[in-house]
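What follows is a single structure, written as structure tokens, with notes after it.
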Amino acid sequence: MTLSNQQLAEIFNDIADRLEIQGELVFKVRAYRTAAENIAALGRPLAELWAEGQLETVSGIGKEIAKKIDELMRTGRLEFYERLKREVPDGVVAMLRVPNVGPKRAKLFWESLGIDNIEALEAAARAGKLRSLPRMGEKAEQSILAGLEALKHRASGRFRLGDVLPFAESLVAELRRVPGVHHAAYAGSLRRGKETIGDVDILVATRDPAPVMQAFLAQPGIAQVLASGETKSSVRLENGLQVDVRAIAPEVWGTALQYFTGSQQHNIRIRELAQRLGYSLNEYALTRQTDGKEERFADEAALYARLGLAYIPPELREDRGEIERAQALGAGHVLMPDLISASDLRGDLQMHTNWSDGTADILTMARAAVALGYEYILITDHTAGLAVAHGLDAARLREQRKAVDEANAQLAREGIAFRVLHGAEVEVRSDGSLDLPGEVLSTLDLVQISVHTALNQPREVITARLLRAMQHPHVHILGHPAGRLINERDGADYDWEAIFRAARERNIALEINADPARLDLSDTLARRAAELGCLFSISTDAHAPTALNNRIYGVLTARRAWLTPAQVINTWPLERLLAWARHAR
Ligand SMILES: [Zn+2]
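Using our numbering, you'd call the opening residue of the sequence shown number -18 and step up by one each time.
This is the structure in structure tokens:
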């Protein structure tokens, strides 16, 4: 058994991590780390030195560690290490990769709350369970959430939309309150509603940039100031996100906002158009090439109009056909004036309650939906096949129906015109059969099916599986169709054309799941499905009342897919939705 220096160094580092989590004495832990460092930096294979009996000539390798290397080299394993691995789970060691989680905290979380993996750590932090531990507190809990975000972002180099938008909204609101500010907005991929964001560009129109820069640099959560100038400052936040704020003159607001919103591909086309008209375009002005005469634009729409284009909403600016369409419509129009918006939604068709893995009861979810101005919700708790989520079997589903009826009766007594619909998120088993029999499904108002398991089946297998499930006569909605988690796991490898055609034929709506970790269907898949004539639902998959607010991420994704309210079943009035459900096929 020949172990490379790298492998040996990793083993000794891992030993040090596990010993540290166990609370071993500092000097012992340090001895393993020093050995690891020296082995990794060694110019020749340690195996050779071992064969020559010269291990202890390497600095940092004393008698104890030499014995362990000898055991590893001879047998390929180390009893001491095997025991440590049994004592400290791998998932607890993995938590050390999270910025702001050191061995002491990993030990604390593991011993006091039984947290032994990164997912459980995130769930506990989000549920506010870490703050009450010794030497923690709310701020420390926040720093761990920021660390978890930074870890995910490190893998892809990009942040999820939902991790960025609320921060950007509040920063922009704050900058708008600075005296002298005419406008403030975030631009870039964030304004275009992309599912992931590289960094945040904020524009502020003002003649007095100094107080804007001051207010920006005084924000909490800044880890590092990368640049601070008179009209532009850049910072890195604790979660690793870079934020730039630029101050510009109000009369160039239109050109600047257009320029910094992008996308790059869209702007290349726009500049080409300007050149064909005899102009050059940058973030400040449209400049006539013959005499250098400048035209400024205080608003974006005027710039698009000047170039002979209909106004193009930011979500469509990806050079995916929007420029041709805007040209055909011409100046003074708006491309896709009927693009869906959050106010079009009349209800939410996927949410979980404390009947399965949600936190709130049915009535609490209903009241949160009423507060959003909704007319109906569909309760879609998991079915029993998804054992991890306390899914419902036929008997509990019957019981839940009574609870739904009671919630409706209570709301009616209070004079609230609102309807709680009874559904379920029915498991698609690995062979494509559904988790509940048809006679149970027929008692539900709407049935959603979802694939949660065996997502890595080969394309033909998983496509056939889902197509079989979609043939079931009681299915109305396909939940989070791809099953992806942004920055964490790719979705299943379906033959999407076949799935979309089946959805169209079977009159099954495709969900755009608004959970910012999912955004599933994605913008491009949803657009293709729309071209094939499919219907959609935009739902939050909320597991708590506040999560109903995530609808905005689903709406942004739907806008990027060029969807109109007519294509989205939860913009329909209740009667129409129920009629569709009854006569879907
Ligand atoms: Zn689900």
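All residues carry an ideal CB built from backbone N, CA and C; glycine is no exception.
Only a predicted model underlies this, so the values are computations on that prediction, with no experimental measurement involved.
Pairwise C-alpha distance: residue j and residue i
| i | j | result |
| --- | --- | --- |
| Gly243 | Met332 | 35 Å |
| Ile178 | Asp(-2) | 33 Å |
| Pro84 | Ala101 | 17 Å |
| Gln200 | Gly128 | 19 Å |
| Asp522 | Arg465 | 14 Å |
| Leu555 | Asn220 | 42 Å |
| Val226 | Arg67 | 50 Å |
| Val36 | Leu(-11) | In the sequence under discussion, the amino acid at residue 36 is Leu, which differs from the Val named in the question. Taking the straight line joining both Cα atoms gives about 13 Å. |
| Lys274 | Thr268 | 6 Å |
| Asp144 | Glu356 | 29 Å |
| Arg440 | Ala473 | 8 Å |
| Ala165 | Glu406 | 42 Å |
| Pro294 | Val401 | 34 Å |
| Ala121 | Arg377 | 40 Å |
| Leu6 | Met451 | 59 Å |
| Ala47 | Asp71 | 25 Å |
| Gly24 | Trp91 | 39 Å |
| Ile99 | Thr334 | 24 Å |
| Gly34 | Glu(-9) | 22 Å |
| Val432 | His363 | 11 Å |
| Ile203 | Ser215 | 10 Å |
| His163 | Glu232 | 10 Å |
Reference residue i; option with closest CA among the options
| i | options | result |
| --- | --- | --- |
| Pro526 | Arg440, Ala352, Val428, Leu402 | Ala352 |
| Arg348 | Pro318, Ala393, Arg227, Lys85 | Ala393 |
| Glu103 | Glu119, Gly118, Leu89, Met76 | Met76 |
| Gly404 | Leu427, Leu238, Asp416, Asp412 | Leu427 |
| Gly210 | Asn220, Leu544, Ala228 | Ala228 |
| Val159 | Ala196, Ile249, Asn248, Leu184 | Ala196 |
| Ala87 | Arg64, Leu111, Val193 | Leu111 |
| Ser337 | Met317, Ile360, Lys48 | Ile360 |
| Ile183 | Gly169, Arg173, Asp189 | Gly169 |
| Tyr260 | Leu284, Phe241, Ala279, Gln246 | Leu284 |
| Phe278 | Ala365, Leu218, Pro294, Ala186 | Ala186 |
| Leu326 | Gly514, Ala350, Leu415 | Ala350 |
| Tyr13 | Ser(-15), Ile50, His314, Asn98 | Ile50 |
| Gly311 | Asn488, Ala282, Arg58 | Ala282 |
| Asn468 | Ala208, Arg139, Glu305 | Arg139 |
Under 9 Å between C-beta atoms of residue i and residue j
| i | j | result |
| --- | --- | --- |
| Gly460 | Gln438 | no |
| Gln270 | Gly289 | no |
| Val181 | Gln123 | no |
| Leu502 | Pro546 | no |
| Gly174 | Tyr475 | no |
| Leu132 | Arg78 | yes |
| Arg188 | Ala230 | yes |
| Val69 | Gln3 | yes |
| Leu500 | Gly328 | no |
| Leu126 | Arg107 | yes |
| Asp495 | Ile480 | Note that residue 495 is Ala in the sequence shown, not Asp. No. |
| Val385 | Arg446 | no |
| Arg508 | Trp543 | yes |
| Leu516 | Gln548 | yes |
| Thr(-17) | Ala28 | yes |
| Ile550 | Ile458 | yes |
| Leu156 | Val206 | no |
Residue range of the alpha helix (DSSP H) that includes residue i
| i | result |
| --- | --- |
| Ala350 | 343 to 352 |
| Ala149 | 142 to 157 |
| Val7 | 7 to 21 |
| Tyr355 | Here Tyr355 belongs to no alpha helix (DSSP H), and DSSP marks it neither H nor E. |
| Ala237 | 234 to 242 |
| Ser170 | 169 to 172 |
| Val193 | 190 to 198 |
beta-carbon residue i near ligand 2 non-hydrogen atom, thresh 8 Å
| i | result |
| --- | --- |
| Ser520 | Ligands in the displayed structure: ligand 1; ligand 2 is not one of them. |
Beta strand (DSSP E) segment containing residue i, residue limits
| i | result |
| --- | --- |
| Phe278 | Unbroken run through Phe278: none, as it is neither H nor E. |
| Arg268 | The sequence shown places Thr at residue 268, not Arg. Run containing Thr268: 267 to 269, per the beta strand (DSSP E) assignment. |
| Ser215 | 213 to 218 |
| Ala562 | Per DSSP, Ala562 belongs to no beta strand (DSSP E); it is in the alpha helix (DSSP H), 555 to 564. |
| Ser261 | 260 to 262 |
| Ile183 | 181 to 187 |
| Arg227 | 223 to 229 |
Short CB-CB distance (under 9 Å) between residue i and chain B
| i | result |
| --- | --- |
| Arg112 | Protein chain content of the structure displayed is limited to a single chain, and chain B is not contained in it. |
**Item:** Sequence ranges, beta strand (DSSP E) only - wholly within the region 378 to 424, length at least 3
**Value:** Unbroken beta strand (DSSP E) stretches of 3 residues or longer found wholly inside the region 378 to 424: 400 to 408, given in chain order.
**Message:** Please give the ranges of any beta strand (DSSP E) in the region 444 to 528, keeping only runs that are unbroken, at least 3 residues long and fully inside the region.
**Reply:** Fully enclosed beta strand (DSSP E) runs of 3 or longer: 490 to 494, 517 to 520.
**Prompt:** At which residue ranges does the region 55 to 103 contain complete alpha helix (DSSP H) runs of 4 or more residues, listed in the order of the chain?
**Reply:** Within the region 55 to 103, the complete alpha helix (DSSP H) runs of at least 4 residues are 60 to 68, 71 to 75, 84 to 94.
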